[in-house]
Amino acid sequence: MSPRSLGGRLALGLGLVAVLGAFVLLGLVALEYVVGSDEPLTAMQLAHEVADHVVAPLIILLGLVAVAGAMVIRSGLRPLTQAAIDVDRAAQTAPRGVRIDHNALPAEAQPFAAAVNRLLARLDAAAEAQEAFAADAAHELKTPLTILSLELEKLPGEVAKGLKDDVAALSRLVDQLLLLARLDAQSAAETPRELIDPKNIATDLISALAPIALKSSRNLAFEEVGETTFLGRREAVTAALRNLVENALRATPEGGTVTVIAGPGPRLAVRDEGPGLSPERVAELSKRGVRADHASPSGAGLGLAIVARIMTAHGGALSADAQRRELTLDFNTLEGTRP
-6 MSPRSLGGRL ALGLGLVAVL GAFVLLGLVA LEYVVGSDEP LTAMQLAHEV ADHVVAPLII
54 LLGLVAVAGA MVIRSGLRPL TQAAIDVDRA AQTAPRGVRI DHNALPAEAQ PFAAAVNRLL
114 ARLDAAAEAQ EAFAADAAHE LKTPLTILSL ELEKLPGEVA KGLKDDVAAL SRLVDQLLLL
174 ARLDAQSAAE TPRELIDPKN IATDLISALA PIALKSSRNL AFEEVGETTF LGRREAVTAA
234 LRNLVENALR ATPEGGTVTV IAGPGPRLAV RDEGPGLSPE RVAELSKRGV RADHASPSGA
294 GLGLAIVARI MTAHGGALSA DAQRRELTLD FNTLEGTRP
């Protein structure tokens, strides 16, 4: 045990007390021999007497004290270790409402556990408030935008088309801001993950974006390279892939094809026919407010920043291959990946 640890400090203190007690005992025994002896003893005789009758039993006693002390220290610290294990296990299955059972802890540790529980309660409340804000904002913002978009559909002419594009861009921005709010809430209090099949995510998204691709004279294709599943948040993974596909559709010239690739392993990749992005450029674009050359002028520069945030939350990585013109969502570092 390290002297910096609580157990190490207790062991060090107990050892010092035992050693000092042994020296005091030896001194008292030596004094007893000197005072109680009928004949004066030389220093050599006194040393022999003490060694024969005191040192050996004292060594045995110190050994027993060391063993008993180690057992007592380990037993005393076991509730703290068990509490840490219980909290960690609970956090994997019940991301919110996790509390330390301070009744099982020593009295000295109960105030600390109570303070940690109060902190956890505040974090839960903050996460719930942020999620409630995101839900309320989604309703308050998306509903009028949808109504406005439907009303604009009734208007003819180029002016109406420009207004429709502006409303669509505003709707995308609202979606991105709400997604960021949800990601922040999930960071404050982890939400449960589910088993995800990359193939299902890819095919569902292609079906959803096919009308948009067709309208812009682009093609969407799908490739599967091996099968696997991994643990993640479906909404967030879908949002990350959607951002990549939408960026690829904008970068690809008319008549070109954007290919979504599932695999190998827990990966999702998007290949386009645009100029391609280097890893350095992707790292730069992953910062909020930085937009690619082909990005929509009405955009806010949140696309790849959101993707990078989602991958960080999942313990994965966003990578780029400029020659293959691919961007890859790699979830290979995730715990719970199943081949």
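Under our numbering, the residues of the sequence shown are numbered -6 to 332, in order. We put the beta carbon where it would ideally sit given N, CA and C, even for glycine. In this text, all values refer to a predicted model and were calculated from it rather than measured experimentally.
Assigned exposure category for residue i - 16 Cβ within 10 Å defines buried
{"i": "residue 123", "result": "buried"}
{"i": "residue 105", "result": "exposed"}
{"i": "residue 201", "result": "exposed"}
{"i": "residue 189", "result": "buried"}
{"i": "residue 182", "result": "Its pLDDT being 48, under 50, residue 182 is placed unreliably by the model, and nothing is read from it."}
{"i": "residue 302", "result": "buried"}
{"i": "residue 60", "result": "exposed"}
{"i": "residue 324", "result": "buried"}
{"i": "residue 221", "result": "buried"}
{"i": "residue 96", "result": "exposed"}
{"i": "residue 278", "result": "buried"}
{"i": "residue 245", "result": "buried"}
Close beta carbons around residue i, own chain, < 8 angstroms, minus the five adjacent residues each side
{"i": "residue 58", "result": "7 and 11"}
{"i": "residue 63", "result": "4"}
{"i": "residue 132", "result": "none"}
{"i": "residue 236", "result": "296, 297, 299 and 300"}
{"i": "residue 24", "result": "none"}
Beta-carbon spacing of residue i, residue j below 8 angstroms
{"i": "residue 253", "j": "residue 238", "result": "yes"}
{"i": "residue 270", "j": "residue 322", "result": "no"}
{"i": "residue 21", "j": "residue 51", "result": "no"}
{"i": "residue 137", "j": "residue 99", "result": "no"}
{"i": "residue 94", "j": "residue 76", "result": "yes"}
{"i": "residue 205", "j": "residue 234", "result": "no"}
{"i": "residue 119", "j": "residue 191", "result": "no"}
{"i": "residue 362", "j": "residue 251", "result": "For residue 362 there is no data in the structure shown, the boundaries of the chain being -6 and 332."}
{"i": "residue 156", "j": "residue 145", "result": "yes"}
Nearest-angstrom beta carbon gap, residue j and residue i [assumed within contact, 8 angstroms]
{"i": "residue 318", "j": "residue 264", "result": "6 angstroms"}
{"i": "residue 160", "j": "residue 142", "result": "5 angstroms"}
{"i": "residue 273", "j": "residue 227", "result": "In fact, because the Cβ distance is near 31 angstroms, the residues do not count as touching under 8 angstroms."}
{"i": "residue 267", "j": "residue 298", "result": "No, residue 267 and residue 298 are not in contact; Cβ-Cβ is about 19 angstroms, not under 8 angstroms."}
{"i": "residue 215", "j": "residue 259", "result": "Not confirmed; about 17 angstroms, so no contact."}
{"i": "residue 117", "j": "residue 150", "result": "Their Cβ separation, rounded to whole angstroms, is 52 angstroms, which puts residue 117 and residue 150 out of contact at 8 angstroms."}
{"i": "residue 307", "j": "residue 225", "result": "5 angstroms"}
DSSP bridge partner residues for residue i (one or two, in chain order)
{"i": "residue 68", "result": "Bridge partners of residue 68: none, in fact."}
{"i": "residue 264", "result": "252 and 319"}
{"i": "residue 216", "result": "254"}
{"i": "residue 187", "result": "225"}
{"i": "residue 311", "result": "322"}
Close-in-space but distant-in-sequence residues of the same chain around residue i (CB under 6 angstroms, 5 per side omitted)
{"i": "residue 232", "result": "172"}
{"i": "residue 164", "result": "138"}
{"i": "residue 313", "result": "270, 272, 275 and 320"}
{"i": "residue 229", "result": "303"}
{"i": "residue 305", "result": "none"}
Within-8 angstroms CB hit, residue i to chain B
{"i": "residue 320", "result": "Protein chain content of the structure displayed is limited to a single chain, and chain B is not contained in it."}
Nonlocal neighbours in the same chain, by C-beta distance under 7 angstroms from residue i, ignoring five residues either side
{"i": "residue 92", "result": "110 and 113"}
{"i": "residue 15", "result": "51 and 55"}
{"i": "residue 196", "result": "215"}
{"i": "residue 153", "result": "145"}
{"i": "residue 102", "result": "73"}
{"i": "residue 199", "result": "213, 215 and 253"}
{"i": "residue 286", "result": "In this prediction, residue 286 has a pLDDT of 48, which is less than 50 and means its spatial position is unreliable; what the coordinates show is noted afterwards. Closer than 7 angstroms at Cβ, skipping near neighbours: no residue."}
{"i": "residue 257", "result": "218 and 219"}
{"i": "residue 130", "result": "171"}
{"i": "residue 80", "result": "91 and 93"}
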